[in-house]
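To keep things clear, I will list the structure first and then write my remarks on it.
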Amino acid sequence: MAISASTVGLPEDKTYIAHHFNCPTCCAAGLSGGKQARCADGQQLWETYLQAFDAQHDRRPRAHIEPLSSPSTTP
Numbered sequence: 012m013a014i015s016a017s018t019v020g021l022p023e024d025k026t027y028i029a030h031h032f033n034c035p036t037c038c039a040a041g042l043s044g045g046k047q048a049r050c051a052d053g054q055q056l057w058e059t060y061l062q063a064f065d066a067q068h069d070r071r072p073r074a075h076i077e078p079l080s081s082p083s084t085t086p
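Numbered per my numbering, the sequence shown finishes at 86, counting up by one with no gaps.
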């Protein structure tokens with residue numbers, strides 16, 4: 012998952028990014044496309060970030076709502 016511009020400013024985003032760019036393991040994991048694991052601390056921070064992301068962006072599909080039709084004007 013890429014960093015979303017809409018999560019910038021969240022404390023979880025700031026905390027994860029501060030760790031990520033100072034941790035060679037997490038930097039490599041971010042570039043590996045899921046082939047390399049984050050360090051233990053980085054994995055915990057990443058999971059916390061994802062929870063914050065999910066809470067901010069309700070990912071449940073929204074119900075399709077049909078528009079109301081105009082009342083009939085014929086007698």
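Even for Gly, the Cβ is constructed at its ideal location relative to N, Cα and C.
(message) Do Thr18 and Ala66 have their beta-carbon atoms positioned less than 8 Å apart in this structure?
(response) No; because the gap between Cβ atoms is not below 8 Å, this pair is not in contact.
(request) For Tyr27, I'd like the list of residues in its chain whose CB is within less than 7 Å of its CB, leaving aside the five on either flank, ordered along the chain. (result) Here the set comprises Leu56, Trp57, Tyr60.
(request) Just mark Ala40 as buried or exposed, buried being the case when its beta carbon has 16 or more other beta carbons within 10 Å. (result) buried
(message) So for Phe64, helix, strand or coil by DSSP?
(response) helix
(request) Could you have a look at Lys25 and say whether DSSP puts it in helix, strand or coil? (result) helix
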